[in-house]
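Asks: Dropping a structure here in structure tokens format, bear with me for questions.
Protein chains: 2
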Amino acid sequence: MQVEVLPNAGSPLLPYLEDKLVIVIDVLRATSTMVTALANGCQSIIPVLSPEDAIERRLTLPGSLLGGERDALPIDGFDLGNSPFDYVPEKVGGKRVIITTTNGTRAIRDASAAPKIWMASFLNMHSIVLAVLRQFENNDKLQGVVVFCAGTEERFDLPDTLCAGMLIDGLGSTVTLNDLGEAARMLYRSSEHNLVEKISDSVHGKRLISLGFERDVVYCSTPNVLPIIPVFDEGEIVWLTEE
Amino acid sequence: MQVEVLPNAGSPLLPYLEDKLVIVIDVLRATSTMVTALANGCQSIIPVLSPEDAIERRLTLPGSLLGGERDALPIDGFDLGNSPFDYVPEKVGGKRVIITTTNGTRAIRDASAAPKIWMASFLNMHSIVLAVLRQFENNDKLQGVVVFCAGTEERFDLPDTLCAGMLIDGLGSTVTLNDLGEAARMLYRSSEHNLVEKISDSVHGKRLISLGFERDVVYCSTPNVLPIIPVFDEGEIVWLTEE
Chain Z
1 MQVEVLPNAG SPLLPYLEDK LVIVIDVLRA TSTMVTALAN GCQSIIPVLS
51 PEDAIERRLT LPGSLLGGER DALPIDGFDL GNSPFDYVPE KVGGKRVIIT
101 TTNGTRAIRD ASAAPKIWMA SFLNMHSIVL AVLRQFENND KLQGVVVFCA
151 GTEERFDLPD TLCAGMLIDG LGSTVTLNDL GEAARMLYRS SEHNLVEKIS
201 DSVHGKRLIS LGFERDVVYC STPNVLPIIP VFDEGEIVWL TEE
Chain G
1 MQVEVLPNAG SPLLPYLEDK LVIVIDVLRA TSTMVTALAN GCQSIIPVLS
51 PEDAIERRLT LPGSLLGGER DALPIDGFDL GNSPFDYVPE KVGGKRVIIT
101 TTNGTRAIRD ASAAPKIWMA SFLNMHSIVL AVLRQFENND KLQGVVVFCA
151 GTEERFDLPD TLCAGMLIDG LGSTVTLNDL GEAARMLYRS SEHNLVEKIS
201 DSVHGKRLIS LGFERDVVYC STPNVLPIIP VFDEGEIVWL TEE
């Protein structure tokens with residue numbers, strides 16, 4: 001299986017995606033929060049690029065909530081921030097959430113040519129690995145996996161890259177990798193026993209901790225606790241029902 | 001000391017460079033070849049962006065040689081390719097070489113706002129580390145180091161990143177790093193004893209080996225054999241005479 005890792009949203013050169021399974025990773029915090037929201041009964045998540053888009057979209061979807069962040073902080077007038085701890089069952093159960101985040105939403109948009117787009121985080125990695133392996137057993141139209149690390153402000157992000165490395169490590173030894181995929185696997189293998197420390201020491205981790213979100217950083221660094229695969233389908237992110 | 005690593009030439013977001021020492025790394029093969037050429041008596045290297053620019057430039061510099069590559073292969077009608085083994089004393093001794101390479105030349109151009117631009121490779125890393133440390137002892141106008149990995153076709157390149165990691169590792173424990181700098185150090189530390197193997201297995205390494213350049217890949221993966229610091233100054237790359 002061919003696995004190509006891209007470093008950040010806004011990468012100028014996108015590979016051919018029409019026959020690829022794309023996996024979007026934004027550990028701190030967009031995809032971790034999406035996984036958590038769906039696990040807590042959220043009906044679906046609608047990613048949009050700007051707060052203005054979110055407000056406009058809600059006009060057509062009464063009863064839905066607005067969520068997201070700018071510069072890691074909640075947006076004025078929105079119902080929810082980008083902390084997974086905002087997305088508790090009492091708030092999001094049975095609801096649609098229209099969400100805008102800086103990097104994660106852009107990564108989903110950049111992936112839009114792909115036939116399948118899933119969201120991964122440490123939280124749901126075990127389920128992602130098993131589902132990827134099943135896809136490639138059953139679907140000979142897919143020609144590989146492209147991992148979109150959302151990145152931070154169009155830069156390489158260590159938490160996202162470690163998470164991509166955990167995915168690749170889990171897929172076994174028969175994968176063919178680009179250089180960033182090989183680097184991701186090496187980075188993951190050298191830090192799998194101190195993920196929280198490495199992620200807390202990253203530029204984005206330190207910024208979140210300085211803003212009071214240490215609990216988010218620790219939670220988002222926890223592997224294999226939620227058996228959920230968020231899939232992007234016709235503009236909405238919902239729980240994957242396997243074919 | 002603050003050290004920021006950028007992943008490839010053509011990075012859309014350049015940091016403020018006016019108070020930085022920039023170190024350009026293109027292990028396979030531009031900076032390795034430049035170090036070798038200067039060690040072999042080449043008078044200076046003039047990096048230009050295109051083969052056409054090189055031919056035009058030679059009109060003003062009679063007696064100079066043309067060197068470089070496109071898609072890793074020599075350019076028709078040029079005197080030298082991009083293999084360090086082309087740059088032997090009998091050919092380059094006492095001569096200027098006008099050189100165009102895909103990624104390395106672009107990285108040098110992108111760095112042009114910096115007051116100091118040096119070229120690093122595994123070959124000259126020991127000298128680079130010592131010279132960087134001396135610069136920061138003696139020069140309080142410099143506010144940090146920015147490492148430009150040239151990359152391959154605007155992508156993350158493992159050989160360049162490992163070389164950046166060796167630089168950072170050599171600078172000691174007091175450096176402040178961006179995420180890619182931290183990743184580079186981790187990658188170098190986990191492969192410092194099998195550099196040739198890791199570089200040979202990279203996408204660019206495999207491509208060069210398939211084209212018959214295995215000897216180049218092994219040579220360019222050899223640390224600390226040439227005590228040369230190429231410095232870009234007024235359009236030419238020359239041997240650094242320390243202030």
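First to last, the protein sequences are chains Z and G.
The UniProt record's numbering applies: residue 1 is where the first sequence begins, and numbers increase by one.
The UniProt record's numbering applies: residue 1 is where the second sequence begins, and numbers increase by one.
For every residue, glycine included, the Cβ atom is placed at its ideal position computed from N, Cα and C.
Taking Cβ positions, are G:Val196 and G:Glu4 nearer each other than 8 Å?
Replies: Not in contact: G:Val196 and G:Glu4 (Cβ atoms no closer than 8 Å).
Asks: Just to make sure I have the definition right: I need the residues of chain Z whose C-beta is within less than 8 Å of the C-beta of G:Leu13. Which are they?
Replies: Correct list: Glu153, Glu154 and Arg155.
Asks: Just verifying my parser: in three-state terms, what is the DSSP assignment at G:Lys91?
Replies: If DSSP states are grouped into helix, strand and coil, G:Lys91 belongs with the helices.
Asks: Kindly indicate which residue of Z:Gly93, Z:Asn194, Z:Val129 and Z:Leu177 has the alpha-carbon position closest to the one of Z:Pro227.
Replies: Here the closest residue by C-alpha is Z:Val129.
Asks: Would you say residue 246 of chain Z reaches chain G, if we count a Cβ-Cβ gap shorter than 8 Å as a contact?
Replies: Nothing about residue 246 of chain Z can be reported from this structure: the residues present for chain Z run from 1 to 243 only.
Asks: Could you tell me which residues DSSP puts in a beta bridge with G:Asp233?
Replies: Looking at the DSSP assignment, G:Asp233 forms a beta bridge with G:Glu236.
Asks: Curious, which full-length beta strand (DSSP E) runs of at least 3 residues does the region 94-143 of chain G contain?
Replies: If we require 3 residues or more, the beta strand (DSSP E) runs fully inside the region 94-143 of chain G come out as 96-100 and 116-120.
Asks: At a CB distance below 8 Å, what residues from the region 178-195 of chain Z approach chain A? Give them in sequence order.
Replies: The chain inventory of the structure shown lacks chain A, comprising the protein chains Z and G.
Asks: State the CB to CB distance for the pair G:Ala9 and G:Glu154, rounded to an integer number of angstroms; the pair is presumed to be in contact (CB under 8 Å).
Replies: Confirmed, about 7 Å.
Asks: Just verifying my parser: in three-state terms, what is the DSSP assignment at G:Val225?
Replies: In this structure, G:Val225 counts as coil in the three-state DSSP scheme.
Asks: Could you tell me which residues DSSP puts in a beta bridge with Z:Ile51?
Replies: Reading off the sequence shown, one finds Pro at residue 51 of chain Z, where the question assumed Ile. Per DSSP, none; premise fails for Z:Pro51.
Asks: Rounding to the nearest angstrom, what Cα-Cα distance links Z:Leu14 and Z:Asp169 in this structure?
Replies: Near 23 Å, if we compare the C-alpha coordinates of Z:Asp169 and Z:Leu14.
Asks: Considering only C-alpha positions, which residue in the set Z:Glu192, Z:Ala184, Z:Arg189 and Z:Leu123 is nearest to Z:Met34?
Replies: For the residues Z:Glu192, Z:Ala184, Z:Arg189 and Z:Leu123, the minimum Cα distance to Z:Met34 belongs to Z:Leu123.
Asks: Is it the case that the Cβ atoms of Z:Met119 and Z:Pro230 are separated by a distance below 8 Å?
Replies: Yes, they are a contact pair.
Asks: Name, please, each residue of chain G whose Cβ falls closer than 8 Å to the Cβ of residue 245 of chain Z.
Replies: Nothing can be reported for residue 245 of chain Z: it is not among the residues displayed for chain Z, which extend from 1 to 243.
Asks: Counting along the chain, where does the beta strand (DSSP E) carrying G:Cys42 start and finish?
Replies: That residue, G:Cys42, is in no beta strand (DSSP E); it is neither H nor E in DSSP.
Asks: Please confirm if Z:Leu208 has its CB atom under 8 Å from at least one CB of chain G.
Replies: With 8 Å as the cut-off, Z:Leu208 does not count as an interface residue toward chain G.
Asks: Say whether chain Z places a C-beta atom closer than 8 Å to the C-beta of G:Leu211.
Replies: For G:Leu211, the answer is no, since every Cβ of chain Z falls outside 8 Å of its Cβ.
Asks: Applying a beta-carbon distance threshold of less than 7 Å, which residues of chain Z neighbour G:Thr161?
Replies: Neighbours of G:Thr161 on chain Z, chain order: Ala183.
Asks: Mind checking whether G:Pro159 and G:Leu6 have CB atoms under 8 Å apart?
Replies: Taking 8 Å as the Cβ cut-off, G:Pro159 and G:Leu6 do not qualify as a contacting pair.
Asks: When the cut-off is 8 Å and only beta carbons count, does residue 302 of chain Z lie next to chain G?
Replies: Lying before the first or after the last residue shown, residue 302 of chain Z is absent from chain Z, which here runs from 1 to 243.
Asks: With a threshold of 8 Å between beta carbons, is G:Leu49 in contact with chain Z?
Replies: For G:Leu49, the answer is no, since every Cβ of chain Z falls outside 8 Å of its Cβ.
Asks: Label Z:Glu69 either buried or exposed according to how many other C-beta atoms from any shown protein chain fall within 10 Å of its C-beta, with 16 as the threshold for buried.
Replies: Burial call: buried.
Asks: Does the structure place the region 125-139 of chain G close enough to the region 69-86 of chain G that three or more beta carbon pairs sit under 8 Å?
Replies: The answer is no - the region 125-139 of chain G does not touch the region 69-86 of chain G, with fewer than three Cβ pairs under 8 Å.
Asks: Contact check, G:Leu240 vs G:Ala131 under 8 Å by CB: the rounded distance?
Replies: Correct: roughly 7 Å between the Cβ atoms.
Asks: By the DSSP assignment, the beta strand (DSSP E) with Z:Glu69 in it spans what residues?
Replies: Start and end: Leu65 to Arg70.
Asks: For chain Z, check one thing: does any of its Cβ atoms lie closer than 8 Å to the Cβ of G:Leu158?
Replies: Judged by the 8 Å Cβ criterion, G:Leu158 is in contact with chain Z.
Asks: Distance cutoff 8 Å, beta carbons only. Does G:Pro7 sit that close to anything in chain Z?
Replies: Interface residue, yes.
Asks: Can you tell me which of Z:Lys20, Z:Val218, Z:Lys95 and Z:Thr101 puts its alpha carbon nearest to the alpha carbon of Z:Pro62?
Replies: Among Z:Lys20, Z:Val218, Z:Lys95 and Z:Thr101, the Cα nearest to that of Z:Pro62 is on Z:Lys95.
Asks: Relative to the C-alpha of Z:Thr176, which candidate in Z:Gln143, Z:Leu162 and Z:Asn194 has its C-alpha closest?
Replies: Closest by alpha carbon: Z:Gln143.
Asks: Exposed or buried, what is G:Gly151 when buried is set at 16 or more other beta-carbons lying within 10 Å of its beta-carbon?
Replies: So G:Gly151 ends up on the buried side.
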